[in-house]
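Chemist: Following this message is one structure expressed as C-alpha cells.
Residue numbers (our numbering): 8 to 111.
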C-alpha cells in the first residue's frame, strides 16, 4: 500500500554553487555512493545505512561539510532521498549528486 500526505510537502534545498569567494577552506567532503546492487559506500568503504547516520551525527561543523552523492542509474530515487535526509537531519545541507564510480 502506498501512502502519502499532500498537505505536508517535503522540500529539500541544494547548494547553489560548488564554491565561492567567501567559502571556507576547511570544508569536509563526504563521499557516499549508492550502487544498483544495494551497496552503500562511505568514503570508499562499504557500509550500512546506520553507519551513514552515525557518521553524519558525528560531524563537528556540519555547516562546513559537503555531501557528494554518487548514484548508479538503476537506484530508486527514494533511496537517494533517504540518504540526503539522513545528512540534512544533522545540519549538512550542501549536497551535490553525480553518477557513481565502481568501487566493487
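Quick reminder that beta carbons are idealized off the backbone N, C-alpha and C, glycines included.
Starting from residue 69, follow its DSSP beta bridges and name the residues at the other end.
Modeler: Per DSSP, none; premise fails for residue 69.
Chemist: Would you kindly check if the distance between the Cβ of residue 49 and the Cβ of residue 82 is under 8 angstroms?
Modeler: Against a cut-off of 8 angstroms, the Cβ pair of residue 49 and residue 82 comes out as no contact.
Chemist: Which word fits residue 88, buried or exposed, when buried means at least 16 other C-beta atoms lie within 10 angstroms of its C-beta?
Modeler: Counting Cβ neighbours within 10 Å, residue 88 comes out exposed, since fewer than 16 surround it.
Chemist: Once DSSP output is grouped into helix, strand and coil, what is the label at residue 31?
Modeler: Below a pLDDT of 50, predicted positions are generally treated as unreliable, and residue 31, at 48, falls in that range; the measurement from the model is reported next regardless. Reduced to three states, the DSSP call for residue 31 is coil.
Chemist: From the DSSP output, read off the bridge partner residues of residue 101.
Modeler: Per DSSP, 73.
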